[in-house]
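Accompanying notes for the structure given below.
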Amino acid sequence: MSGRVRRRALAAAVLLGLGSGLVLAGPSSTGATEPAARASGGGGAPAYSETKTLQRVVTKADGSLQEFPAYTVTVTADQTTDLRGRQRIRIAWKGAQPSGGRASNPFGESGLAQEYPVVIMQCRGVEDPGEGEEQLRPETCWTASFAQRSQITRSDGEAAWRHDLDADEADKGRVSGLDPLPGADVCPTADIAGYSTRLTPFVAASGRVFPACQADQMPPEAAVGAAFPAAELAAFTDLDGRGEVQFEVRSDVENESLGCNHETACSIVVIPIVGLSCDQPSSPPTASDNACRRTGRFVPGSGNFASEGVDQAVSPTLWWAASQWKNRFTIPITFGLPPDTCDILDPRAPTGFYGTELLAQAALQWSPAYCLRKDRFKFQHNQMSDEAGFTLMENGGGAAALVSSEQTRVGPDPVGYAPTAITGFAIGYVVDRPDNAGELATLRITPRLVAKLLTQSYLGSDLGRGHPGMEGNPLSIMQDPEFVRLNPGLSQINQEVGATLLSLSNQSDIIRQLTAWIMEDRAARDFVAGEPDQWGMVVNPNYEGLALPASEIPLLDDFVPETGNTCRQENPAVYFNQIAAPVTTLRKISEALLDAHPNVQTRCELDADTGLYKVGRIGRQSYGSRFMLGLVSLGDVERYGLKAAALQAAPGKFVAPSESSLAAAVSLMEPGEETLPFTLDQAAVRTSSKAYPGTMVVYTAARMQNLDEADAAKVSQFIRVATSEGQRPGPGNGQLPAGYLPLRRTGVTAGLYAAAQDVATAIGTQTPPASTLPDPVEPTDGTGGTGGPEVPTTVPDAPAVEEPPVAEEPTEAPPPVEEDTAPVAMPATTAISSRTAGLLLPLLFLGGLLGSLAVAGTRFLVRPPRQG
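Residue 855 is where the sequence shown starts when you use our numbering, and the numbers rise one by one after that.
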């Protein structure tokens, strides 16, 4: 789609939303009805629920029907509207036929060797298309391999689809599906005499038809080693007829060929496999007649770890067959506006707010609620460390900073901190239970275990055994008696990734709070100081006595193992640093967990092209044996459907993140001095069995003196809108996504709300409270008196902002702010990974822009990286 066409289409969609009163805080930016509350733990009604009775029938030789047991199946989904790329939604079912021959990996081609699974895939189109919509059909459903849509067999006994009772006669022929078949130069095996051929092509959003007869005739997103692993799956149903999965949706950003976005109707299709229904057999019956009637080789609940052959008639391979396809449940889905909506539709220069990634998911939904209204400004969230964002704000490079704690003030102007969002961090994990028993539902983590991971105190593998001073330590957390006692029944087969917690390489308030939680625990504190745990494990000597809490965990180890491995001899490196391999953003950690792809950099192999050895990232983990831990935001936990560990609060008490546990932590927070942040003392958390230790507040920090008048008005407006409309829970524009505790003017968050309004007033009027000003200097005026301007002793009261009704627009829009109209092209945000860079780089950045931009009144803004 060209830029001009896309701009027009997007504008039309937005105008439709505006006309319906939906863009700011209404039900949905797409005009859909208000989605139900997420079903995950909230007890609310699911966003989608449908019940069908499914039954397989087989025609006998005399023409009568043999009916198999009927199954009344109910399928639910917890969210269907305003979805984002790579978001995972919970799909559950009950009443289905129990599966047999469980595969070790249900995704993509790996899940085909099962019997009676539930096939789930994303498709373009809907069941009853309206104007401009596409009809849902197998050709518009995505699969990552040609084996899921191509059947070419010489054996008549493997062509069960040719006797499908519900199929058209044309689909029962020796060759069916794609008409005409491509030539031998495209599909050399597609039409060989004596072979039965069925091709279910994929039709891309562009209209291009991919024959799907072999790997090179699939869309580019289905290439071997594609950027994203397969999302479609053949899920297992337990003996009670139940199952549940987290299904990942893909937008056109991740899958352009599928082409799902805010203006393209798409669906999730769920097909409980009950087996082919079969037509009247030939006389005598053929091998394909018999193949159609088979009922399975595996007993319900059994596994098929060896990927043995299954009966085709009850496998997921023939999901497209008419008698299977008719049993589908179709879940219509809509996508939210794309991340670049504001860049496309609003030509005004953005106003940058710089800082913490904790606000990323909220900012993604909030931004359109600002840029699509001309009485508001074009808000832009630029992610970087809290310290770097604060430095930019103080030096005039940004209107405001987004931080999670009080920062060291360098400039003379007083700074106010307005509470804007309540969220936090989590120890995310993907851990499989042994014997292909599914993912671990609950993981418990202590401060000492996290300390062991962050101080590189596990050996990783035999390569680490030569490290001086810690030769007797476990190879990984999986073999640590402390972890095994807390989380029994898990595999203890070592993996290098079990020796680390994937974390941030740069400074962050998140790291400071994490390490404050660690140091409040006596066992963790003693371990870092050099005292062994009760099993004899000791801290890495390079980290002994590490000063914590700290906003950054340095890579202090210097151990280079001696080995006979030629690759490592030619590429010597600090082994434990290769295992830790921290990254610059929380999103990279979330996506690594989502793909079960550790960032461990110990892969060492010969490059066939250059003849040289190279070191790089290890591959994705195999489904069924995954083990990975990473530091993530609660917003990412909810969007990507990640699992979050329960962290130890009071001794022996473990608390997982939830609205109630975040609220319990907020109740322990102590307000700072006037206009300064609240603090959560981890010592107080240690006395609570309900407070989540990872709870954090995001503050909008801005100068209360000498801030440009237009910027002051924008910051004040942002705080008021974000703490009113922006606290309405929901997936739509301007709403508060999951992963955040709503900030209310009453209840446990009342103090934070009131503080936000006070700071909004002080910033907007540029009149700080007298207590925040430095003591006045009293120079002599020659007569013994004092001179200088009079310091105000009172501050105007903040206007009351009533919490608006959930389903209505605010009755009075915030005051308009003046805005530059000329767009300014800006470089990408630079990751800042150290204190020196955090202070110096923003100053260099500002100096360069000041020398090159001559637009009066234009602030120095950084275009953020593309967000998905």
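Think of the CB as a built atom: it goes at the ideal place given N, C-alpha and C, for glycine as much as any other residue.
Keep in mind the model is a prediction, meaning the values are calculated, not measured.
* Asked: The beta strand (DSSP E) spanning Ile943 covers which residue range?
  -> According to the DSSP assignment, Ile943 belongs to the beta strand (DSSP E) that extends over 942-948.
* To do: For Asn1348, count neighbouring C-beta atoms within 10 Å of its own C-beta (all shown protein chains included) and say buried if the count is 16 or more, exposed if not.
  => Asn1348 is buried by the Cβ-count criterion.
* Leu1308 to Arg1493, Cα distance in whole Å? -> A direct Cα-to-Cα measurement between Leu1308 and Arg1493 gives close to 26 Å.
* Locate the alpha helix (DSSP H) running through Asn1431, then write down its first and last residues. => 1429-1434
* To do: Just the C-alpha distance for Ala1047 and Leu1035, rounded to the nearest angstrom, thanks.
  => 14 Å
* Tell me which same chain residues have a C-beta within less than 8 Å of the C-beta of Ala924, skipping the five on either side of it? -> Thr907, Leu908, Gln909
* Supposed contact pair Ala1503 and Ser1444 - C-beta distance, whole angstroms, cut 8 Å -> Not quite, the Cβ-Cβ distance comes to about 24 Å (not below 8 Å), so this is no contact.
* **Segments of 3+ residues assigned as beta strand (DSSP E) that fall wholly inside the stretch 1160-1228** => 1183-1187, 1205-1209
* **Best match in Leu1448, Gly1580, Phe1508 for proximity to Pro1547 [C-alpha to C-alpha]** => Phe1508
* From Glu1524 to Pro900, what distance separates their C-alpha atoms? -> Going from the Cα of Glu1524 to the Cα of Pro900 covers about 38 Å.
* Can you grab the Cα-Cα spacing for the pair Trp1173 / Asp1490, in whole Å? => 33 Å
* Kindly identify the DSSP beta-bridge partner or partners of Gly954. => Glu969, Pro1154
* **CA-to-CA distance, Val1351 to Met1482, given in whole angstroms** => The C-alpha of Met1482 lies about 6 Å from the C-alpha of Val1351.
* In or out: Glu993 buried (at least 16 other Cβ within 10 Å) or exposed? -> buried
* Asked: Going by the beta-carbon positions, is the gap between Glu1527 and Leu1595 smaller than 8 Å?
  -> no
* Asked: How many Å lie between Ala890 and Thr935 at the Cα?
  -> Any reading at Ala890 must be qualified, since the residue scores a pLDDT of 32, below 50, and its modelled position is unreliable; the value itself is stated next. Cα-Cα distance, rounded: 10 Å.
* Residue range of the alpha helix (DSSP H) that Thr905 falls in? -> In the DSSP assignment, Thr905 falls outside any alpha helix (DSSP H) and lies within the beta strand (DSSP E) extending over 902-908.
* Going by beta carbon distance, what residues of the same chain come within less than 6 Å of Asn1109, once the five residues before and after it are set aside? -> Glu1075
* Tell me whether Arg1104 is buried or exposed, calling it buried when 16 or more other Cβ atoms sit within 10 Å of its Cβ. => buried
* Pick out whichever of Val1454, Arg1302, Arg1287, Leu1522 has its Cα sitting closest to the Cα of Thr1296. => Arg1287
* Asked: Between the stretch 1206-1214 and the stretch 1253-1270, do three or more beta carbon pairs fall short of 8 Å?
  -> yes
* In chain order, what residues of the same chain have a beta carbon less than 7 Å from the beta carbon of Ala1066, not counting five sequence neighbours either side? -> Phe1000, Arg1003, Ser1004, Leu1053, Thr1054, Pro1055, Phe1056, Met1072
* Asked: Alpha carbon to alpha carbon, how far is His1235 from Tyr1553?
  -> 13 Å
* Asked: With DSSP run on the structure shown, which of helix, strand or coil describes Cys1041?
  -> Correct three-state label for Cys1041: coil.
* From which residue to which residue does the beta strand (DSSP E) around Pro1273 run? -> 1269-1285
* Please report the residue range of the beta strand (DSSP E) in which Phe1233 lies. => Its beta strand (DSSP E) spans residues 1233-1237.
* Asked: Nearest-angstrom Cα distance between Pro1335 and Asp1411?
  -> 24 Å
* **Close-in-space but distant-in-sequence residues of the same chain around Thr926 (CB under 6 Å, 5 per side omitted)** => Taken in chain order, the residues that qualify are Thr907, Gly949.
* Asked: Leaving out five residues before and five after Val1602 in sequence, what residues of the same chain have Cβ atoms less than 6 Å from its Cβ?
  -> Ala1517, Val1520, Ser1521
* Asked: DSSP three-state call for Ser1542: helix, strand or coil?
  -> coil
* Asked: Using DSSP with H/G/I as helix, E/B as strand and the rest coil, what is Ser1136?
  -> coil
* Simplified DSSP assignment, three categories, for Tyr1553 -> strand
* To do: Determine the direct distance from the alpha carbon of Val1029 to that of Thr997, and round the result to whole angstroms.
  => 21 Å
* **Residue ranges of each beta strand (DSSP E) within the stretch 1544-1624, 3 or longer** => 1549-1557
* Answer yes if the stretch 1142-1158 comes into contact with the stretch 1193-1200, meaning at least three C-beta pairs across the two stretches below 8 Å, and no otherwise. => no
* Kindly identify the DSSP beta-bridge partner or partners of Gly1484. => Gly1282, Leu1356
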